[in-house]
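In my numbering, the protein residues as written are 1111 to 1202.
Structure first, commentary second.
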């Protein structure tokens, strides 16, 4: 992995040289020109393993995992009951 120094070039060249997936935080250039945010990461996947990555993502998709993973906040039981009461009150 690389930290804040020409990340695009470093991750691509390291992926090619090592044949391994590279993950890094966006550098200043990524933030300034590509509008990378605090929640972004850079990933560089060598062509030699891209089929394995795609196959793995397809299998997890078939198993029910989606990318990006949707956020679903669970409601406390109190709010579930309150919602039902409010719906009943609206019907009256």
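Backbone N, C-alpha and C define an ideal beta-carbon position, used for all residues, glycine too.
To which residues of the same chain is residue i closer than 8 Å at the C-beta, ignoring the five residues directly before and after it?
i, result
"residue 1131", "1125, 1153, 1154, 1155, 1156, 1159, 1163"
"residue 1129", "1156, 1158, 1159"
Should residue i be labelled buried (16 or more other beta-carbon atoms within 10 Å of its own) or exposed?
i, result
"residue 1140", "buried"
"residue 1199", "exposed"
"residue 1119", "exposed"
"residue 1121", "buried"
When you compare only the Cα positions, how much space is there between residue i and residue j?
i, j, result
"residue 1123", "residue 1172", "33 Å"
"residue 1143", "residue 1181", "28 Å"
"residue 1187", "residue 1197", "16 Å"
"residue 1133", "residue 1183", "28 Å"
"residue 1201", "residue 1185", "23 Å"
"residue 1149", "residue 1179", "14 Å"
Mapping the DSSP letters down to three states, classify residue i as helix, strand or coil.
i, result
"residue 1153", "strand"
"residue 1148", "coil"
"residue 1199", "helix"
Quick one: give me the first and last residue of the beta strand (DSSP E) that residue i is part of.
i, result
"residue 1132", "1132–1135"
Which first and last residues belong to the alpha helix (DSSP H) in which residue i is found?
i, result
"residue 1128", "1117–1128"
Which same chain residues, not among the five before or five after residue i, have their C-beta less than 6 Å away from its C-beta?
i, result
"residue 1190", "none"
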